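In the UniProt record's numbering, the protein residues as written are 1 to 583.
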C-alpha cells in the first residue's frame, strides 16, 4: 500500500521518502509543482487550492496512509480538514502529522489539526519535533557574511533535532503494525544554547562567530522576508522567545520524548563548507545562471518588437489599456529571460508604450526561444502576440558578474518598484541574487504607481507616492508591506482613490503570486545542495540548479501573464476609462 507524503520535497519529507524507498515501500510525493527527484513519482498538490486534493488518489488508488506537513498558516486546519476528510473517504487509514514541541492538542496552529485527527477516530501519530539542526544551513548567509547567528532565545538551551531522526520517527509510525495513536516529542541527544553553537562554529571554522540577540520586531521582519505571513511570523517568534524561559530544555527526560541520534556538532563538522568565506570577487552562484550577453546595446533587441517612438505607460487611457501594455512588457521580460538575461530593471522609465500606430510584431525580432510563448501551454496568449502596444527596454548592464557584491555599483533597480525581497536584503547589507522572479514583483508596483498617479490630488495617493519614493530602503519596504495589507482588505480600501479600486484584483493576484514565488525561490537558494562552492565544482548540480530555476521562472511568468489576460477579458465597463479624479 502507498504512502502519500505532503511537503514531499521539504527536508523531512525528502528524508522520509528515501527511507520508505529503501524499504521497498511505495511512495507518492505531493508538491506544488508536481515534480520530485528520481526515482519518486509526484503529483501537483497545493493546500490553498482544493481542486488539487483529488490528484493523489487519481494517480494512485492504493494510498492508505498520509504524512501531513501543514501549510504556513495561523489556522492550517481550515485548509487541511477538507483534504483529511477526502482522504478518509478514499480509504486512508493512518496519518502521521508534524507539529511542534510547544504546541499542545487543541492549541494554536498545529494543535487544531492534532485535535481533529483524534476526534475523527483515525489511526494517527503526531510528532512534535524541536528546532531543526538543519536550520543552521539556512542561516549560512548570515554566518558567512556577518559571522553571526541571530535569535531571540537568549541563553535558552535546545535539544536540536536532525531531519533524518524526525523522518525515522515518522517512518516507524507509518509502518508500525499497530498505530501508536498518540503524540511524541522528537528531540536530539544534546542540549545547546545559541552561544554554545557559535563557540563550536568558531572552533570548527577558525574565525570568531557570535550569537546576536534580535528584538522580537526584528525577527518577525526576518520571517516575513523569507515569505511567512505576518500572523505566522508572530507565532513563530513567540515560540522561539519561550526558549529563553527553558521550555525546550524541560522536555529532556520526558517519557514521551523520542531521542534522535544525530549530534549537532557532527552536522557542523560535516557541513563546514557551508559557512566558509568565499572569494567575494568570484561569481559563485551568479555564474550558474545561463551566460548573458555582455553588450548592453543588445537589451533593446530582446523585446517582442522594437518601435521607433515610446512614451510613458501613465498615458494609457484606460485600466484595460494599461494592463494590455503591461502584458506586452511581461512577454518582453519572458523573451529576455529565455535569451539569457537573469534580471532587468523594471520601472516606469523602462516600460514604454508605443506612440506610433500599433503594428504586428516583427518575426525577425522574436527570440529563437519563442516557441515556448507560442506553445499549447501558452495558448491563452495567442491573440495577444499578434500586435504590440508596449515594450520593455533596459540600457543598463545589469549583470556585472565580478563586481564586489556589497558595493553600490553592483545594485541595480529603481527603488519605488523594487520587490520587497531585494529591499530587505539591501537594507541589511546582504548580498543578493536578483532574478527574473524578483522582476515580476516590480509589475504590481508599476501598476499601483500609475493608478495612484491617475488621481494625484487624492490624499492617500500623494502620501503613498511620496513614501514609495523615499530614499530610505526600510521606509519603502515598510510602506509596501502596509499597502499590500491595506489593498487586500476591502474595509481599508475606502481611503484609496477609485483608480486604485479598479486595478485592485489584479494587484492582489500578482502580489499573491509574488509571495509564493519568493518562498519557492528562497527554498531553492537555501537548498544545501547548492550552497557554498558546490555549484562551481559540480557540473551536474549546476545543471539541476539551472533547470529548476528556469522551470520555476517560466511557471511564474506564465501565471503572471495568465492573470493579466484574465483581467483583460473581464466584461466590466469600469475598465474602459479611468475614473474621474477626486474633487
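For glycine and all other residues, C-beta sits at the position ideal for the given N, C-alpha and C.
Computed from a predicted model, the values in this text were never measured in an experiment.
DSSP, reduced to helix, strand and coil, places residue 85 within a helical segment of the structure shown. By the Cβ neighbour-count rule, residue 130 is buried, with 16 or more other Cβ atoms within 10 Å of its own. Scanning the segment 450 to 507 for uninterrupted alpha helix (DSSP H) segments of 4 residues or longer gives 459 to 468, 473 to 488, 498 to 501, listed from N- to C-terminal end. For residue 41, the enclosing beta strand (DSSP E) starts and ends at 41 to 44. Distance between residue 60 and residue 67, taken at the CA atoms: about 15 angstroms. For residue 41, the closest C-alpha among the options 195, 30, 168 is that of 30. Residue pairing for residue 123: DSSP places it in a beta bridge opposite 94.
For residue 269, the enclosing alpha helix (DSSP H) has its first and last residue at 264 to 270. In the three-state reduction of the DSSP assignment, residue 79 falls in the helix class. Closest in alpha carbon position to residue 506, among 145, 133, 349, 451, is 451. The three-state reading of DSSP puts residue 61 in coil, since its state is none of H, G, I, E or B. In the same chain as residue 164, and ignoring 5 residues on each side of it, the C-beta atoms closer than 7 angstroms to its own belong to 15, 262, in chain order. Around the beta carbon of residue 441, 16 or more other beta carbons lie within 10 angstroms, which makes this residue buried.
Apart from the 5 residues on each side of it in sequence, residue 252 sits with its Cβ closer than 8 angstroms to the Cβ of 159, 187, 191 in its chain, given in chain order. Per DSSP, the continuous alpha helix (DSSP H) segment holding residue 546 begins and ends at 539 to 568. Taking every protein chain shown into account, the CB of residue 50 has fewer than 16 other CB atoms within 10 angstroms, so this residue is exposed. In this structure, residue 96 places its C-beta atom within 9 angstroms of the C-beta atom of residue 125. Counting only the Cα atoms, residue 349 lies some 55 angstroms from residue 88. Residue 390 is classed as buried because its beta carbon has at least 16 other beta carbons within 10 Å across all chains shown. In this structure, the straight-line span from the alpha carbon of residue 346 to that of residue 211 is close to 38 angstroms. In this structure, the CA atom of residue 199 is about 23 angstroms from the CA atom of residue 430.
The Cβ atoms of residue 69 and residue 7 sit closer than 9 angstroms to each other. The bridge partners DSSP lists for residue 151 are 213. DSSP, read as helix, strand or coil, puts residue 183 in strand.
Residue burial is scored here from C-beta neighbours: residue 119 has fewer than 16 other C-beta atoms within 10 angstroms and is therefore classed as exposed. In the structure shown, residue 259 falls within a strand segment according to DSSP collapsed to helix, strand and coil. Taking all protein chains shown into account, residue 48 has fewer than 16 neighbouring C-beta atoms within 10 Å of its C-beta and is therefore exposed.
For residue 157, the beta-bridge partners assigned by DSSP are 193. Taking C-beta separations shorter than 7 angstroms and ignoring five residues to either side along the sequence, residue 485 has no partners in its chain. When C-alpha distances from residue 222 are compared across 204, 255, 421, the shortest belongs to 421. At a Cβ-Cβ threshold of 9 angstroms, residue 334 and residue 554 count as neighbours.
Here the alpha carbons of residue 329 and residue 439 stand approximately 11 angstroms from one another. Contact between residue 268 and residue 528 fails: their C-beta atoms lie close to 13 angstroms from each other, not under 8 angstroms.
A Cβ-Cβ distance of about 5 angstroms is found for the pair residue 63 and residue 4, placing them in contact under the 8 angstroms criterion.
Secondary structure at residue 30: strand, using DSSP grouped into helix, strand and coil.
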